[in-house]
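Trainee: Attaching a single structure in structure tokens format; questions to follow.
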Amino acid sequence: MYDEPFSGLDPISLRTAAKLIRELNDAMGLTSVFVSHELTETLGIADHVIILNQGKVAFEGSVDAVRNSEDPLVYQYIHELPDGPVQFHHPAQPLAADFGVTAGG
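For any residue, its number in the working numbering is found by taking its place in the sequence shown, counting from 1, and adding 5.
Okay, here's the thing in structure tokens:
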């Protein structure tokens, strides 16, 4: 099981790690469970994809099926869009209020 294996990696290290994981799985006939927010690299090495949203399965299928999905939530994730069913912005008070700062000072 890999839990966010690409977190904090520069692009060269990320691609090297992804290639190593894919080659290791192929050479040893392994199945790996992969948890990642790096969709581009993950889809490049995955055979089967499960997308979770709020603790529930939102999609399950092949890489081609997820790439071609017309489901609005899946489409937003795969195409990394800020607008869609998953809201990009969460309601919050202005940052200045967190620090007790008023306008102008």
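Think of the CB as a built atom: it goes at the ideal place given N, C-alpha and C, for glycine as much as any other residue.
Would you give the residue range spanned by the alpha helix (DSSP H) that L78 belongs to?
Mentor: 77-83 is the span of the alpha helix (DSSP H), which, as asked, contains L78.
Trainee: Hey, would you say S41 sits closer than 7 angstroms to E65, going by beta carbons?
Mentor: It is not a contact, given that the beta carbons lie outside the stated cut-off.
Trainee: Cβ atoms of G89 and P77: under 7 angstroms apart, would you say?
Mentor: Cβ atoms of P77 and G89: closer than 7 angstroms.
Trainee: Would you say D69 reaches chain D, if we count a Cβ-Cβ gap shorter than 7 angstroms as a contact?
Mentor: Protein chain content of the structure displayed is limited to a single chain, and chain D is not contained in it.
Trainee: Which residues does DSSP list as the beta-bridge partners of F39?
Mentor: Bridge partners of F39: Y7.
Trainee: From the DSSP output, in three-state form, read off G49 for me.
Mentor: The answer is helix: DSSP assigns G49 an H, G or I state.
Trainee: Relative to the C-alpha of N58, which residue among V106, L25, E28, Y82 is closest?
Mentor: It is Y82 whose Cα lies nearest to the Cα of N58.
Trainee: Name the residue from H53, E43, L44 whose alpha carbon lies nearest to the alpha carbon of S37.
Mentor: S37 has its Cα closest to that of H53, out of H53, E43, L44.
Trainee: Could you tell me whether the Cβ atoms of I50 and A23 are closer together than 7 angstroms?
Mentor: In this structure, A23 lies closer than 7 angstroms to I50 by Cβ.
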